[in-house]
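Chemist: Residue numbers (our numbering): 87 to 466.
Built from N, CA and C at the ideal position, the CB exists for glycine as well.
The structure follows.
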């Protein structure tokens, strides 16, 4: 049996520097999606997908129906979309049936840098290095300390980087003392990080490592016992960094293609964009506001839980695609820091428990945020 796979990505930062991470549209997670199927099914799936595209030909841009047809601000409250956008997504999601395989990866760009900062501790006994990487990554993403980011991404000295991180940790510990009950664990973690960071190597590389998503895909193929396959990547220009990375991981029969010629690439683009937009909206909604006088608990707004049947149906179909469709362990792949992915999956699971909107309305909408928060905290 021969399989055909198609790759695309979202939130691709070719370089990770201070300007990148402080840009207003920066999102930390690099999301990749690969869709595939038995080559004998390609014609039927192509017919199905192109029928979907034909229905929305008025929304084509540069000859393609792209994930950007629905803007990020439309996802401010998740799938609480207007009628037209909800219908488009419903039609897109219903293309995915049992004959389609989905792999996706969600990799934190900041974690990639933090791992380099802490690498000298990796082999020291009694230090849980992955926990330290997670905690420092989360702290940087949650609070975006300007001086720390500048010291890391402007390639200052090792001494300066450590100095700025410790200064930041001290400031957060002092601030968190304003609500010890809420921030007790964070205070303890930051004290441990402060104790560790007495020396650190300078970051050697800030270009993105394109190989990481393919490591997960290789594991996916092994788990599915797929040996006969081709992979077509969305063509990115003369640099071919993605293609070179796939070949370095020893993927077989990999090539580039123009998305206009390959419906599978367009399909991956749509799904990668959808996953990214949902996670980005969740991240924005749950971001800590460090300007308040003392720390407070962040909850999703009530608007996330006021849905009609079509909107609830989108959550349930997305749940099926992400968590049930051809499910194997390596269907998803992430680094140590995967909070946005876990929150996204938690939201899908939370919504899927309801059979219909009337079931949701039996719960006080003001309490839905608390129930969801409990759900996600357990998963984290």
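(1) Do residue 356 and residue 178 come within 8 Å of each other at the CB atom, strictly closer than that value?
(2) So, is residue 87 buried or exposed, given that buried needs 16 or more other C-beta atoms within 10 angstroms?
(3) From the DSSP secondary-structure annotation, give me the bridge partner or partners of residue 90.
(4) So, with DSSP's three-state summary, where would you put residue 159?
(5) Who are the near neighbours of residue 369 in its chain, counting only those whose CB is closer than 7 Å to its CB and skipping five residues on each side?
(6) Report the rounded CA-to-CA distance for residue 144 versus residue 155, giving the unit in angstroms.
(7) Leaving out the 5 sequence neighbours to the left and right, which residues in its chain are closer than 7 Å to residue 230 when beta-carbon positions are compared?
(8) On the DSSP bridge assignment, give the partners of residue 115 in chain order.
(9) Look at the Cβ atom of residue 372, then the Cβ atom of residue 93, and state whether they are nearer than 8 Å.
(10) Evaluate the contact criterion for the region 183-197 versus the region 394-401: three or more CB pairs, one atom per stretch, below 8 Å.
(11) What does residue 462 pair with, by DSSP beta-bridge criteria?
(12) Please state whether DSSP places residue 422 in a helix, a strand or coil.
(13) Can you tell me where the alpha helix (DSSP H) with residue 164 in it begins and where it stops?
(14) Following the continuous alpha helix (DSSP H) through residue 443, name the residue where it begins and the one where it ends.
(15) Less than 8 Å between the CB atoms is what I'm expecting for residue 305 and residue 315, so what's the real figure, rounded?
(16) Using CA atoms only, rank isn't needed, just tell me which of 107, 117 and 133 is closest to residue 348.
Modeler: Considering the structure as presented:
(1) In contact: residue 178 and residue 356 (Cβ atoms closer than 8 Å).
(2) exposed
(3) 123 and 316
(4) helix
(5) 426
(6) 10 Å
(7) none
(8) 194
(9) No, these two residues do not count as a Cβ contact at 8 Å.
(10) Counting Cβ pairs under 8 Å, fewer than three are found: no touch.
(11) In the DSSP output, where bridge partners are listed per residue, residue 462 has none listed.
(12) coil
(13) That residue, residue 164, is in no alpha helix (DSSP H); it is neither H nor E in DSSP.
(14) 443-447
(15) With a Cβ gap of about 14 Å, residue 305 and residue 315 do not count as contacting.
(16) 133
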